[in-house]
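Visitor:
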Amino acid sequence: MSRLEVKGLTHVYSKGTPFERTAIEDLNFTVESGGFVGIIGHTGSGKSTMVQHLNGLMKPTSGQVLLDGKDIWEKPEEIRALRFRVGLVFQYPEYQLFEETVYKDISFGPRNMGLEEREIDARVREAALLCGVGDELLERSPFELSGGQRRRVAIAGVLAMQPEVLIMDEPTAGLDPRGRDEILSHVHRYHEQRGATVLLVSHSMEDVARHATSVLVMEHGKIAMHGSVSEVFSRGERLSELGLAVPQVTAVFARLARAGLPVPTDVFTVEQGEAALRRLLRERGVIS
Amino acid sequence: MKDITLGQFFPGDTLIHRLDARVKLVLVILFIVELFLVKTLCGFAFMGVLLALAVAISKVPPKMMLRSLKPLLLLLAFTSVLNLFYTKGDPLFTIWKLTASWQGLELALFMMLRISLLIMASSLLTYTTSPIMLTDGMERLMGPLKALHVPVGELAMMMTIALRFIPLLVEETDKIMSAQKARGADFESGGVLKRAKALIPILVPLFVSSFRRADELAVAMECRCYHTSGPRSRLKVMKMCFRDYVALAVMLAAIPAILLGTNQVLFSIIPSALG
Numbered sequence: 017m018s019r020l021e022v023k024g025l026t027h028v029y030s031k032g033t034p035f036e037r038t039a040i041e042d043l044n045f046t047v048e049s050g051g052f053v054g055i056i057g058h059t060g061s062g063k064s065t066m067v068q069h070l071n072g073l074m075k076p077t078s079g080q081v082l083l084d085g086k087d088i089w090e091k092p093e094e095i096r097a098l099r100f101r102v103g104l105v106f107q108y109p110e111y112q113l114f115e116e117t118v119y120k121d122i123s124f125g126p127r128n129m130g131l132e133e134r135e136i137d138a139r140v141r142e143a144a145l146l147c148g149v150g151d152e153l154l155e156r157s158p159f160e161l162s163g164g165q166r167r168r169v170a171i172a173g174v175l176a177m178q179p180e181v182l183i184m185d186e187p188t189a190g191l192d193p194r195g196r197d198e199i200l201s202h203v204h205r206y207h208e209q210r211g212a213t214v215l216l217v218s219h220s221m222e223d224v225a226r227h228a229t230s231v232l233v234m235e236h237g238k239i240a241m242h243g244s245v246s247e248v249f250s251r252g253e254r255l256s257e258l259g260l261a262v263p264q265v266t267a268v269f270a271r272l273a274r275a276g277l278p279v280p281t282d283v284f285t286v287e288q289g290e291a292a293l294r295r296l297l298r299e300r301g302v303i304s
Numbered sequence: 021m022k023d024i025t026l027g028q029f030f031p032g033d034t035l036i037h038r039l040d041a042r043v044k045l046v047l048v049i050l051f052i053v054e055l056f057l058v059k060t061l062c063g064f065a066f067m068g069v070l071l072a073l074a075v076a077i078s079k080v081p082p083k084m085m086l087r088s089l090k091p092l093l094l095l096l097a098f099t100s101v102l103n104l105f106y107t108k109g110d111p112l113f114t115i116w117k118l119t120a121s122w123q124g125l126e127l128a129l130f131m132m133l134r135i136s137l138l139i140m141a142s143s144l145l146t147y148t149t150s151p152i153m154l155t156d157g158m159e160r161l162m163g164p165l166k167a168l169h170v171p172v173g174e175l176a177m178m179m180t181i182a183l184r185f186i187p188l189l190v191e192e193t194d195k196i197m198s199a200q201k202a203r204g205a206d207f208e209s210g211g212v213l214k215r216a217k218a219l220i221p222i223l224v225p226l227f228v229s230s231f232r233r234a235d236e237l238a239v240a241m242e243c244r245c246y247h248t249s250g251p252r253s254r255l256k257v258m259k260m261c262f263r264d265y266v267a268l269a270v271m272l273a274a275i276p277a278i279l280l281g282t283n284q285v286l287f288s289i290i291p292s293a294l295g
């Protein structure tokens, strides 16, 4: 069943002025319920504009966004309720923190939903736990925390609304490798525990290959490719035409194969690569 | 949010654009002085033609000139009504207890023309001069004040930074608003108090990031050895050339012409039988 469907989505900025610019044009795609989609593309390819349409922050110039088969703009007065179902984490979300304590900030979303106090408390603690925000941090000011901690608090603020669809716009930008892996594993856990549909905008092919099940490639406001991870990353040439790349480990295996070694070329994560190499070495009797 | 026009620069390469920023500033000041010297319809027509000519040369769309008047419509209407009814003179018509006079009508009309032309002239200045050139021009014009220990250079630098940061802050506000909306913030419903409270989630992050940006910029400037004392050289040296002198001469010549004109009322809206 398709959870999210985008039909002919087009957005034109400053329509009717000399500064008119088409950001996205005639996008069509569907996202299956429980899917994990990686969205890649160059800066300025329209990724951020596109994702802001999915939770009704931007209104399409033409076209539709359907959630569970219903146009999200059918009743414009209910768009706020939709934003609780489709959660969006912006780039550098730590800059949106404003409350006196971490606890209050995470509770901002659930409180806006009009939930009971007990339910709010339960959700805040669950989201904090899920994002690795320890109990000892909950009563501190968000402005005292480190950058990585603040980022996790901000993400917890969206997860506390328990959205069925979670969209993240480069959630790992500017973090160190460890912070990056941590955040993505939190997201992955949310995806699995809740059966949530996740859309992840990322510049890291490694992250997309590791977590996503399908990949959407954008270029100049249009969809250049859309398919499973192996479908997209097996077309390395087309990707490099777009100025993108395949995961490094995929490139390594492509070269090994070209050098004549009998290795598979559909290797997209380091773990898969390790397994493939071990298999090869075992076959040759190098290791047991 | 993105529609804020704060003296938006309209790039071009016309005679008006190429005029020295200092000259343009002086021209606008002269134009405003002249607007207050003008006391006849003919005079206003003359000023109007002068401005229209400048607009035509600058290739700024007339629509944009008119748009600059939009925020002032209320003020214009208000002063016109006040002038119309509160000026004593020959009665024109009466509503309730208020009597409009011919003199009031004339005054209202003149005041409206004066304010409109004033705003359009200064808009033309900001449309055709980049903010950097403008502050540079101001700094040079205020140069003599340095002798009085006025920190002209610092003031100009402050102005440049402020101008540079306006679009950045607008963009930032936009972003924070979207982020809070994504968490279900509601800015559009509720009473005054509720709406004011709804602004907190925007204002706090905005303040925090402004201080952060200010701090970063200060560090960056210090890293490049920015220092307030000592003479500064500049990348673009302003130089007056022939067209600048011509423009100044035209604007100066208008003053005696206007002064002469005020004594000879060629055309008045007050019926001569009354006057």
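Protein chains in written order, with the working numbering: chain X, 17 to 304; chain Z, 21 to 295.
Cβ coordinates follow ideal geometry from the N, Cα and C atoms, glycine included.
1) For residue 243 of chain X versus residue 230 of chain X, is the C-beta distance shorter than 9 Å?
2) Within the same chain, show all residues whose beta-carbon is closer than 6 Å to that of residue 226 of chain X, passing over the 5 residues directly before and after it, in chain order.
3) Name the DSSP bridge partner or partners of residue 57 of chain X?
4) Can you have a look at residue 38 of chain Z and say buried or exposed, based on whether 16 or more other CB atoms are within 10 angstroms of its CB?
5) Could you name each continuous alpha helix (DSSP H) segment of 4 residues or more that falls completely within the stretch 104-165 of chain Z, going from the start of the chain to the end?
6) Please report the straight-line C-alpha distance between residue 214 of chain X and residue 102 of chain X, rounded to a whole angstrom.
7) For residue 224 of chain Z, name the three-state secondary structure that DSSP assigns.
8) Assuming residue 125 of chain Z and residue 104 of chain Z are in contact, meaning their beta carbons sit under 8 Å apart, how far apart are those beta carbons, in whole angstroms?
9) Can you say whether residue 159 of chain X is buried or exposed, counting buried as having 16 or more other CB atoms within 10 angstroms of its CB?
10) Would you check if the stretch 101-121 of chain Z and the stretch 40-59 of chain Z touch, i.e. whether three or more CB-CB distances between them fall below 8 Å?
11) Give the range of the alpha helix (DSSP H) segment to which residue 123 of chain X is assigned.
12) Is residue 270 of chain X closer than 9 Å to residue 53 of chain X when the C-beta atoms are compared?
13) Please confirm whether residue 75 of chain Z and residue 144 of chain Z have their CB atoms less than 9 Å apart.
14) Going by DSSP, which residues form a beta bridge with residue 46 of chain X?
15) Any chance the stretch 111-121 of chain X sits against the stretch 78-89 of chain X, with 3 or more Cβ pairs inside 8 Å?
16) Residue 14 of chain X and residue 66 of chain X look like a contact to me (Cβ under 8 Å); what is the Cβ gap, rounded to whole Å?
17) Go ahead and label residue 163 of chain Z buried or exposed: buried means 16 or more other beta carbons lie within 10 angstroms of its beta carbon, across all protein chains shown.
18) Are any of the Cβ atoms in chain X nearer than 9 Å to that of residue 202 of chain Z?
19) What is the C-beta distance between residue 131 of chain X and residue 169 of chain X, in whole angstroms, given that I count them as a contact (C-beta under 8 Å)?
20) DSSP beta-bridge partners for residue 213 of chain X?
21) Report the rounded CA-to-CA distance for residue 78 of chain X versus residue 233 of chain Z, giving the unit in angstroms.
22) So the candidates are Z/269, Z/276, Z/277, Z/275; which of them puts its Cα closest to the Cα of residue 43 of chain Z?
23) For residue 46 of chain Z, which option in Z/276, Z/278, Z/267, Z/277 has the closest C-alpha, if you only look at C-alpha atoms?
24) Buried or exposed for residue 256 of chain Z, please, with buried defined as at least 16 other CB atoms from any protein chain shown within 10 angstroms of its CB.
25) Any idea if residue 128 of chain Z is buried or exposed, counting beta-carbon neighbours within 10 angstroms, 16 or more meaning buried?
26) In three-state terms, what does DSSP make of residue 177 of chain Z?
27) Just list the residues that DSSP pairs residue 242 of chain X with in beta bridges.
28) Between which two residues does the alpha helix (DSSP H) holding residue 80 of chain X run?
29) Along chain X, in chain order, which residues have C-beta atoms closer than 8 Å to that of residue 198 of chain Z?
30) Of the choices X/232, X/50, X/153, X/192, whose alpha-carbon is the least far from that of residue 205 of chain X?
31) Quick one: list the residues of chain X neighbouring residue 257 of chain Z, beta-carbon separation under 9 Å, in chain order.
32) Taking CB distances under 9 Å as the criterion, tell me whether residue 169 of chain X reaches chain Z.
33) What's the gap between the Cα of residue 185 of chain Z and the Cα of residue 41 of chain Z?
34) Quick check: is the beta carbon of residue 82 of chain Z nearer than 9 Å to any beta carbon in chain X?
35) Could you check where the alpha helix (DSSP H) with residue 276 of chain X kicks off and where it finishes?
36) Could you check whether the Cβ of residue 284 of chain X sits closer than 9 Å to any Cβ belonging to chain Z?
Guide: Reading off the structure:
1) yes
2) 285
3) X/234
4) exposed
5) 122-148, 151-161
6) 10 Å
7) helix
8) The beta carbons of residue 125 of chain Z and residue 104 of chain Z sit about 6 Å from each other, so the pair counts as a contact at 8 Å.
9) exposed
10) no
11) Going by DSSP, residue 123 of chain X is part of the alpha helix (DSSP H) stretching over 118-128.
12) In this structure, the beta-carbon distance from residue 53 of chain X to residue 270 of chain X does not fall below 9 Å.
13) yes
14) Per DSSP, X/21.
15) no
16) Residue coverage of chain X in this structure runs from 17 to 304, which leaves residue 14 of chain X outside it and unanswerable.
17) exposed
18) yes
19) That belief does not hold up - the Cβ atoms of residue 131 of chain X and residue 169 of chain X are roughly 19 Å apart, past 8 Å.
20) X/181
21) 37 Å
22) Z/269
23) Z/267
24) exposed
25) buried
26) helix
27) X/232
28) No alpha helix (DSSP H) holds residue 80 of chain X; the beta strand (DSSP E) holding it covers 78-83.
29) 68, 73, 106
30) X/50
31) Under the 9 Å cutoff, chain X gives no residues; its nearest Cβ is about 32 Å from residue 257 of chain Z.
32) It does not: the Cβ of residue 169 of chain X has no partner Cβ on chain Z nearer than 9 Å.
33) 21 Å
34) No, residue 82 of chain Z does not count as interfacial toward chain X.
35) Per DSSP, residue 276 of chain X belongs to no alpha helix (DSSP H) and is neither H nor E.
36) At a cut-off of 9 Å between beta-carbon atoms, residue 284 of chain X makes no contact with chain Z.
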